[in-house]
Amino acid sequence: MINFRPIARVIAVLLMLIGGMMLFGIPFSLYYESGDFWALLNSGLISIITGGALWLIPIPGTTNIKKREGYLIVALGWLAMVTFGMLPYLLSGVIPDVIGAFFETVSGMTTTGASVLTDIESVPKGILFWRSLTQWIGGMGIIVLTVAIFPLLGIGGIELFVAEAPGPTSDKLHPRIRETAKRLWQIYVGLTGLLCIVLLIAGLDFYEAINHALTTMATGGFSTKNASMAYYDLPQVQYPIIFFMFLAGTNYTVIYFGLKGKFKNVWQSDEFRAYLTIVGLLAVIVTLAVHNNTDLSWEKAFRDSLFQIVSIITTTGFVSADYTSWGNALTMLFFVLLFLGACAGSTSGGIKLIRHLVFFKNSFLEFKRILHPRAVIPLKLNGQVVTGRILTHIIIFLLLYMILFVIGSIVVAALGLEFTTAVGATATALGNVGPGIGGVGPVDNFAWLSPPIKFVLSILMLLGRLELFTILVLFTPYFWKSN
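Using our numbering, read the sequence shown as starting at 109 and increasing by one per residue.
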């Protein structure tokens, strides 16, 4: 039987945290006199009061979190965060319709970066900061943050961390889950602060620097400019963004080993080596193609190519150039990259490289098994044998992902989108990338889509961010059985 007491308690804490974070936009509202003070204050108070009331409701049960409670907390917690997270948009009138506000908030929390705002630069500064903050909150997952403080509330969190942590990796920075969550957030906060300082040195003012630091480390891609990062067409700005996007797409365990000086452990990661190799090879190929097909200099061609490759692979979604203008072949290449994703255990979305790596390694070994049917040929990753259960899990994930992509594309096409835009919108929503192809390309917007299409894409964004199983398991009869 499901124990609803910890579910209510955790959601209550989440709402109070979300409400408190909404208030962070108030100083910017007051400084810039942008007129969104009351919208932020009222939204924050509503969330805090609702969370406090939910905490005080006497619900029978224990505070122990098991598997079922963990998955319900993640699903319902994200739904609650999105529902209350759209209040600033609605109360300020920046996005007056519920579906549009829901889409923008889901896109923020899932770090997708797709937007329905047509003139970002006219949005009040406090609301715009909240928009960036939604991505930073969702980047590592606010639920992982609450795992670190659950012991103070008398609530255990191992099952919750398993349900929320991005990717299939089981690497731990520390044997205790609370310490793992704290170290993840220390790295996350530290890198965000460091990037903010770098951008300040590069010439951005504090408001622009903090917003872009938040959305870069979250691999989110929300910008304060209509032209995204193309507005800052400067090497001293774009190269640091590229580097930190790459870092944000790296497994945080690998980053931790790097910070500790354990570079042997870093290089032993098959996934990280594949990540570095793919980015390097693609940078060379795309740079050559862009330089030959345009009048850009070698440096500009390289910077634009590398920026867009890292942005799409890490699912950040920042735009420094229109890759759909580079020809059909490169447009198709970037469409394929929508399905790649960076490393597991990072803030990026998508399928993740480790799943592709396992799939292709196993496919290659299958040819050897055909030639040697009696031989036992195990699949190894990072020097360790990949168990049959993990292999099955990954293959099923890939199959479900493609099935959802096909179904999503059919649904949004039936709702009125032409083929290219339908597959582009579905792929970028499910992969939490942001820009796609067709009518939702890197220089386009999602505001023109109908409310039903926005709602479908919002659901796909949530499914992609929570890696399919966390949501889909709730719709199986096994989940609700008492045994």
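Just so you know, even glycine gets a beta-carbon here, dropped at the ideal spot from N, CA and C.
Secondary structure remark: continuous alpha helix (DSSP H) runs of at least 4 residues inside the stretch 113-159, in chain order: 134-140. At a Cβ-Cβ threshold of 7 Å, Leu148 and Gly127 do not count as neighbours.
Take the alpha-carbon of Thr395 and the one of Ile417: they are about 10 Å apart.
Counting along the chain, the unbroken alpha helix (DSSP H) around Ile504 starts and ends at Gly496 to Ala522. Just measuring C-alpha positions, the residue of Phe380, Tyr140, Thr191 and Gly193 sitting nearest Phe354 is Phe380.
Excluding its 5 nearest sequence neighbours in each direction, Leu499 has C-beta neighbours in its own chain below 8 Å: Val466, Asn470 and Leu487, listed in chain order. Distance check between Asn490 and each of Leu299, Phe426, Asp378 and Arg482 places Asp378 closest, using alpha-carbon atoms only. Under the three-pair Cβ rule at 8 Å, the stretch 136-153 counts as touching the stretch 198-206. The straight-line gap separating the alpha-carbon atoms of Thr423 and Thr324 is approximately 10 Å.
Taking 8 Å as the upper bound for CB-CB distance, Gly328 and Gly247 are in contact here, some 7 Å apart.
Lys233 places its beta carbon 7 Å or farther from that of Ser151. Bridge pairing for Val493: Lys488 [DSSP]. As summarised for the stretch 383-460, the continuous alpha helix (DSSP H) elements at least 4 residues long and confined to that stretch are 406-421 and 436-445, given in chain order.
Three or more beta-carbon pairs separated by less than 8 Å link the stretch 537-544 to the stretch 209-229, which places the two stretches in contact.
Approximately 6 Å separates the beta-carbon atoms of Phe513 and Thr534; this is inside 8 Å, confirming the contact. Excluding sequence positions up to five before and after Phe563, its CB lies within less than 8 Å of the CB of Ile207, Phe210 and Phe211, all in the same chain and listed in chain order. Around the C-beta of Val427, 16 or more other C-beta atoms lie within 10 Å, and the residue is accordingly described as buried. Using a Cβ distance threshold of 7 Å, Ala450 and Ile462 do not count as a contacting pair. Just measuring C-alpha positions, the residue of Leu131, Ile157, Phe136 and Glu177 sitting nearest Pro114 is Glu177.
In the DSSP assignment, Thr220 falls outside any alpha helix (DSSP H) and carries neither an H nor an E. Counted as a single uninterrupted DSSP element, the stretch harbouring Trp556 is not any alpha helix (DSSP H), since DSSP gives it neither H nor E. When the five nearest sequence neighbours on each side are left out, no beta carbon in the same chain lies closer than 6 Å to the beta carbon of Gly369.
Per DSSP, Asn111 lies in no alpha helix (DSSP H) and is assigned neither H nor E. Under the 10 Å beta carbon count, Tyr586 is surrounded by fewer than 16 other beta carbons and is classified as exposed. Contact check for Leu322 and Trp238: beta-carbon distance about 11 Å, past the 8 Å limit, so the pair fails to qualify. Below 8 Å, too few C-beta pairs join the stretch 474-482 and the stretch 381-392 to call them touching: fewer than three. In the structure shown, Gly366 falls within a helical segment according to DSSP collapsed to helix, strand and coil. If you ignore the 5 residues before and after Gly366, its C-beta comes within less than 6 Å of the C-beta of Val374, all in its own chain and listed in chain order. Per the coordinates, the alpha-carbon of Pro168 lies some 11 Å from the alpha-carbon of Ala116. Distances from the CA of Ala356 to each of Ser405, Gly298, Leu342 and Met337 were compared; the closest alpha carbon is that of Gly298.
DSSP, read as helix, strand or coil, puts Lys333 in coil.
In the displayed model, Met194 falls within coil according to three-state DSSP, outside both helix and strand.
The stretch 178-193 and the stretch 564-578 touch, with three or more beta-carbon pairs separated by less than 8 Å.
Using a Cβ distance threshold of 7 Å, Tyr197 and Ile295 do not count as a contacting pair.
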